[in-house]
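K.L.:
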Amino acid sequence: MNNIHIAIDGPAGAGKGTVAKELAEKLNLTYLDTGAMYRCVACAAKMAGVKSYDNDSLGKILDDIDITFADSGKKVFLNGEDVTEKIRTREVDDLVGGVSGNKFVRERLVAMQRKYAEGNNIVMEGRDIGTVVLKDSPYKFYLDASVDERAKRRYEQNIKNNIECTLEAVKADIIRRDERDMNREADPLTRTEDALYIDSSDLTVDEVCDVIIAHIGKIKRGEK
Ligand code: DC
């Protein structure tokens, strides 16, 4: 029997992580946060004092990197160290674009991500999952929400986690990250015809999961 591979892509703050975790729980799937892997590479480069993101320096980092997950994919370990919080700092936010825009890094991480999927039922979220990593999977989703809604969600999440910020700064940051992820040369975030587009602006997490589960059911029954 074929494994279930669910691809969820979309812009920053669209709720991909929350939805993917919930879906993993409901359908008993492995959850993979691919953004965390790019963040780990940025973090490892910073710890190693790498300033220039050339293929040689990043290649050395990638040769030695060991990224593992625990607690149903919610905890992230970089070379054995729990970096779940460290990879979410502003500093890593600022550094990760340089890493995720590098074609060489992407090739290596995509290979690792495909390995995770091999023989596993998995839900993966990121920017290039349906277009690159799991491009042969029939279960592809593009999760979106208005910029204002995404900014509001991120702002509330930050306040809950005691991260100081203003709504205006969060919104500006989201717009900057969208621009970067959608316009880079290497595997940009793209909305494609074969992915079901879901605008989650007015939907709860459960409602988004219901839409996804219903769509998978239709594909399985050959109705799509
Ligand atoms: O989803 P996130 O904010 O944790 O992602 C961190 C960075 O990695 C962001 O610049 C987008 C990028 N990314 C990517 O290019 N491809 C992925 N599959 C996942 C994330």
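All residue numbers for the sequence shown refer to this note's numbering, where the first residue is 439 and numbers rise by one.
Backbone N, C-alpha and C fix where the C-beta goes; we use that ideal spot for every residue, glycine too.
1) Alpha carbon to alpha carbon, how far is residue 627 from residue 581?
2) I want to check one thing, is the minimum distance from the CB of residue 571 to the heavy atoms of the ligand DC below 8 angstroms?
3) Quick check on DSSP: helix, strand or coil for residue 513?
4) So what's residue 573 in DSSP terms, helix, strand or just coil?
5) Give me the residue from 457, 496, 518 and 577 with the minimum Cα distance to residue 539.
6) Taking just the CA atoms, how far does residue 658 sit from residue 607?
7) How would you call residue 663, buried or exposed, if buried means at least 16 neighbouring beta carbons within 10 angstroms?
8) When you measure from the CB of residue 538 to every non-hydrogen atom of the ligand DC, does any distance come out below 8 angstroms?
9) Is the CB of residue 570 under 9 angstroms away from at least one CB in chain B?
10) Looking at the strands, I want to know which residues DSSP matches up with residue 563.
11) Please list the terminal residues of the continuous beta strand (DSSP E) segment that includes residue 630.
12) Straight-line CA distance for residue 548 to residue 449?
13) At 4 residues or longer, what runs of the alpha helix (DSSP H) sit wholly inside the stretch 451-505?
14) Should the stretch 467-483 be regarded as contacting the stretch 543-558, the criterion being three or more beta carbon pairs within less than 8 angstroms?
15) Residue 608: beta carbon under 8 angstroms from a heavy atom of the ligand GDP?
16) Please confirm whether residue 469 and residue 561 have their CB atoms less than 9 angstroms apart.
17) Among 631, 637, 559 and 509, which one has its Cα closest to the Cα of residue 467?
P.N.:
In terms of the structure at hand:
1) 11 angstroms
2) yes
3) strand
4) coil
5) 496
6) 43 angstroms
7) No information on residue 663 is available, as it lies outside the stretch 439 to 662 that the chain covers here.
8) yes
9) Although the question refers to chain B, the structure presented lacks it and comprises just one protein chain.
10) 446 and 471
11) Unbroken run through residue 630: none, as it is neither H nor E.
12) 19 angstroms
13) 454-465, 472-485 and 493-502
14) yes
15) Of the ligands this structure carries, namely the ligand DC, none is the ligand GDP.
16) yes
17) 559
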